[in-house]
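Visitor:
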Amino acid sequence: MAVATHSKLDAERLRTDFAVFEELVNGKPVAYLDSAASTQKPRQVLDAMRDFYEHSYANVHRGVYRLAERATTGYEGARRKVASYVNAPSEREVIFTRSATEALNLVAYAWGLDNLEEGDVVVVTDLEHHSSFVPWQYAAGRTGATFCVIPIDEGGELRLDALDEIERQGNVKVVASNLVSNTLGTVNPVQALAAWAHERGAIMVVDAAQAAPHRHLDVQALDCEFLALSSHKMCGPSGIGALWGRRELLEAMSPFNLGGEMIRSVSAERTTWNELPYKFEAGTPAIAEAVGFGAAIDYVSEVGLGAIEQHERGLLEYTLGRLGELPWIDTYGPPPERRAGIVSLNVEGVHPHDVAQVLDWEGVAVRAGHHCTQPLMTKLGVSATIRASFYLYSIQEEVDRLVEGLVKAKTSLG
Ligand SMILES: Cc1ncc(COP(=O)(O)O)c(C=O)c1O
Numbered sequence: 004m005a006v007a008t009h010s011k012l013d014a015e016r017l018r019t020d021f022a023v024f025e026e027l028v029n030g031k032p033v034a035y036l037d038s039a040a041s042t043q044k045p046r047q048v049l050d051a052m053r054d055f056y057e058h059s060y061a062n063v064h065r066g067v068y069r070l071a072e073r074a075t076t077g078y079e080g081a082r083r084k085v086a087s088y089v090n091a092p093s094e095r096e097v098i099f100t101r102s103a104t105e106a107l108n109l110v111a112y113a114w115g116l117d118n119l120e121e122g123d124v125v126v127v128t129d130l131e132h133h134s135s136f137v138p139w140q141y142a143a144g145r146t147g148a149t150f151c152v153i154p155i156d157e158g159g160e161l162r163l164d165a166l167d168e169i170e171r172q173g174n175v176k177v178v179a180s181n182l183v184s185n186t187l188g189t190v191n192p193v194q195a196l197a198a199w200a201h202e203r204g205a206i207m208v209v210d211a212a213q214a215a216p217h218r219h220l221d222v223q224a225l226d227c228e229f230l231a232l233s234s235h236k237m238c239g240p241s242g243i244g245a246l247w248g249r250r251e252l253l254e255a256m257s258p259f260n261l262g263g264e265m266i267r268s269v270s271a272e273r274t275t276w277n278e279l280p281y282k283f284e285a286g287t288p289a290i291a292e293a294v295g296f297g298a299a300i301d302y303v304s305e306v307g308l309g310a311i312e313q314h315e316r317g318l319l320e321y322t323l324g325r326l327g328e329l330p331w332i333d334t335y336g337p338p339p340e341r342r343a344g345i346v347s348l349n350v351e352g353v354h355p356h357d358v359a360q361v362l363d364w365e366g367v368a369v370r371a372g373h374h375c376t377q378p379l380m381t382k383l384g385v386s387a388t389i390r391a392s393f394y395l396y397s398i399q400e401e402v403d404r405l406v407e408g409l410v411k412a413k414t415s416l417g
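In this text, residue positions in the sequence shown follow the numbering used here: the first is 4, and each later residue adds one.
In structure tokens, the structure reads:
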């Protein structure tokens with residue numbers, strides 16, 4: 004049972020919802036510190052999907068029979084949950100996609116290719132995940148627009164003073180930024196960027212893949228035009244994400260994928276598009292995954308985003324404190340008050356992949372690599388980092404095992 008507490012969550016109790024924590028890896032219980040890559044799934048989500056497949060499965064929207072109605076109710080119910088989770092003015096503005104990556108590509112292709120031209124400026128940040136960096140770089144390349152990157156300072160925070168210089172490059176048409184950096188955990192000033200973008204007549208595209216699992220989201224308060232999120236990073240299944248977009252923009256945009264479901268009428272002479280959101284949902288969608296996504300939203304909401312944020316802040320402060328005792332550890336990123344539960348680090352003299360290998364022998368799961376942020380790695384002057392990341396089920400003991408593993412890696416390989 005998910006434990007509803009308003010101020011403090013009980014991670015030990017929540018862990019009983021996740022069968023994986025009973026699993027032994029190399030003879031040890033897994034210390035799962037890779038939730039920024041993907042989260043584990045609670046029984047409630049798995050049960051909801053199994054129950055749906057066993058009792059309500061059919062294709063959606065098409066059938067008049069009872070099972071098809073149940074399936075459609077489940078799928079559209081999940082859309083309502085996503086809409087409410089991000090405080091969308093209308094559920095018609097929520098489009099199910101395969102992932103946050105696909106949501107961001109949808110905007111870059113369907114809005115970018117039709118609205119950008121030479122003389123325009125596309126702005127991203129040094130902190131972008133490749134899925135928010137590369138589609139815009141590509142759209143700029145295809146349309147002749149100028150591609151600009153907001154740099155970071157030494158603490159891994161955006162240098163907003165660079166915006167003046169960026170503005171001198173041309174007509175700013177789009178600003179794309181993540182709300183939380185997946186590599187440094189930096190919480191970015193998206194509202195300020197949106198205000199700056201709007202003053203210049205540009206749109207604001209928010210990559211909330213890393214924020215949605217941990218922080219309260221409100222597209223109206225953020226005042227953005229588009230926002231992308233992903234189910235698998237918030238206790239839901241992989242294979243489904245969502246894009247929220249302002250209705251007038253979505254309505255004006257061309258479709259992204261073409262085929263069944265997204266049409267109103269088809270003939271050899273002319274094909275017309277379905278209404279929102281179906282215009283952007285060609286083909287059979289990830290139906291049971293949508294139901295699982297909805298169940299994950301219920302689970303995370305019941306635990307409480309405030310409690311999750313507070314819990315992760317505690318773990319982050321504890322981790323940084325413990326790492327601070329080790330002079331041969333380099334850590335990257337801003338102070339805990341402007342950062343989510345993500346710690347990127349390096350062990351002096353040992354390659355991150357070797358460190359991760361030693362940690363794996365200890366049953367500690369972390370990520371080593373560029374985390375799909377190669378431009379950021381270049382800025383940090385490293386090829387890779389070790390990344391430990393937390394979620395609602397993370398506990399202090401796992402951090403202790405991380406630190407012990409790092410000491411072992413340094414002693415044996417350093
Ligand atoms: C900040 C950020 N944006 C986008 C993505 C891509 O999300 P998805 O796996 O849903 O495509 C990730 C995944 O790591 C991410 O951390």
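Note that beta-carbon positions come from the ideal geometry of N, C-alpha and C, so glycine has one too.
Starting from S87 and walking both ways along the alpha helix (DSSP H), at which residues does that stretch end?
Guide: Its alpha helix (DSSP H) spans residues 69-88.
Visitor: Considering only C-alpha positions, which residue in the set A359, G173, T376 is nearest to R404?
Guide: Per the Cα distances, A359.
Visitor: Decide if the segment 225-235 is in contact with the segment 311-331; the criterion is three or more beta carbon pairs, one per stretch, under 8 Å apart.
Guide: Contact between the segment 225-235 and the segment 311-331 is absent, because fewer than three Cβ pairs lie under 8 Å.
Visitor: When the distance is taken between beta carbons, is K44 closer than 8 Å to P240?
Guide: Contact: yes.
Visitor: Ligand 1 and N185: does any heavy atom of the ligand fall closer than 7 Å to the residue's C-beta?
Guide: Answer for N185: yes, Cβ within range of ligand 1.
Visitor: Rounded to the nearest angstrom, what separates V183 and E365 at their Cα positions?
Guide: Answer to the nearest angstrom: the Cα atoms are 29 Å apart.
Visitor: Given that a residue counts as buried once 16 or more other Cβ atoms are within 10 Å of its Cβ, and exposed if not, what is S415?
Guide: Answer is exposed; the Cβ neighbour count stays below 16.
Visitor: For the 8 Å Cβ check, are there 3 or more pairs between the segment 252-260 and the segment 45-55?
Guide: The segment 252-260 vs the segment 45-55: no contact.
Visitor: For ligand 1, which residues count as neighbours when the test is a C-beta closer than 5 Å to any heavy atom?
Guide: Going along the chain, the residues that qualify are S102, A103, T104, H132, S134, N181, N185, D210, A212, Q213, S233, G244.
Visitor: Taking its Cβ as the centre, do 16 or more other Cβ atoms sit within 10 Å of S38, making it buried, or is it exposed?
Guide: By the neighbour-count rule (16 or more Cβ atoms within 10 Å), S38 is buried.
Visitor: Cα separation between N90 and V222?
Guide: Each residue's Cα considered, the two are about 6 Å apart.
Visitor: Less than 8 Å between the beta carbons of V190 and S180, yes or no?
Guide: Not closer than 8 Å, so no.
Visitor: Could you confirm whether any beta carbon from chain D is found closer than 8 Å to the beta carbon of V183?
Guide: The structure shown contains no chain D; it is built from a single protein chain.
Visitor: By a C-beta neighbour count over all protein chains shown, 10 Å radius and 16 as the cutoff for buried, is K84 buried or exposed?
Guide: Its Cβ being crowded by 16 or more others within 10 Å, K84 is buried.
Visitor: Would you be able to state if there are at least three C-beta pairs under 8 Å between the segment 18-33 and the segment 268-278?
Guide: With the cut-off at 8 Å, the segment 268-278 and the segment 18-33 do not touch.
Visitor: Taking the CB atoms as reference points, tell me whether V417 and W331 lie closer together than 8 Å.
Guide: Val is not the amino acid found at residue 417; the sequence shown has Gly there. Result yes, Cβ atoms of G417 and W331 sit closer than 8 Å.
Visitor: Exposed or buried, which one is S93 when buried takes at least 16 other CB atoms within 10 Å?
Guide: It is exposed - the Cβ of S93 has fewer than 16 other Cβ atoms within 10 Å.
Visitor: Nearest-angstrom Cα distance between A113 and A142?
Guide: Each residue's Cα considered, the two are about 10 Å apart.
Visitor: Once DSSP output is grouped into helix, strand and coil, what is the label at L225?
Guide: In this structure, L225 counts as helix in the three-state DSSP scheme.
Visitor: Where does S41 fall in DSSP's three states?
Guide: Looking at S41 - three-state DSSP - the assignment turns out to be coil, as it is neither helix nor strand.
Visitor: So M380 is in the beta strand (DSSP E); what residue range does that whole segment cover?
Guide: It is not in any beta strand (DSSP E) - M380 instead sits in the alpha helix (DSSP H) that spans 377-383.
Visitor: Please name the residue in I300, S134, N62, Y68 whose C-alpha comes closest to that of R218.
Guide: Here the closest residue by C-alpha is I300.
Visitor: Beta carbon of A148, beta carbon of V178: below 8 Å?
Guide: Contact: no.
Visitor: Measuring alpha carbon to alpha carbon, tell me which residue in G144, L196, G188, R203 is nearest R171.
Guide: It is R203.
Visitor: Measure the beta-carbon distance from S59 to A74 and round it to whole angstroms, keeping in mind my assumption that it falls under 8 Å.
Guide: Right, the Cβ-Cβ distance comes to about 6 Å (below 8 Å), so this counts as a contact.
Visitor: Might you give, ordered along the chain, the residues of its own chain that have their beta carbon closer than 7 Å to the beta carbon of F55, omitting 5 neighbours on each side?
Guide: Correct list, in chain order: G77, A291, V294.
Visitor: So what's D1 in DSSP terms, helix, strand or just coil?
Guide: Residue 1 lies beyond the range of the chain shown here (4 to 417); nothing can be said about it.
Visitor: If you check the beta carbons only, do L225 and A197 fall under 8 Å apart?
Guide: Cβ distance < 8 Å, so L225 and A197 count as in contact.
Visitor: Apply the 10 Å Cβ neighbour rule to S87 and answer buried if 16 or more other Cβ atoms are within range, or exposed otherwise.
Guide: When all chains shown are included, S87 counts as exposed.
Visitor: Using beta-carbon positions only, say whether W139 and V124 come within less than 8 Å of one another.
Guide: No, Cβ-Cβ distance for W139 and V124 is not below 8 Å.
Visitor: Thinking just about the alpha-carbon of each residue, which of P216, E160, L163, G122 is nearest to the one in N174?
Guide: Ranking the options by Cα distance to N174, first place goes to G122.
Visitor: The alpha helix (DSSP H) that contains M1, what's its start and end?
Guide: Limits of the chain in this structure are 4 at one end and 417 at the other, which puts residue 1 out of reach.
Visitor: Can you list, in chain order, the residues of its chain whose CB lies under 7 Å from that of Y281, leaving out five sequence neighbours each side?
Guide: So the list reads E264, M265, once near-sequence residues are dropped.
Visitor: Which first and last residues belong to the alpha helix (DSSP H) in which F296 is found?
Guide: Note, F296: alpha helix (DSSP H), 290-306.
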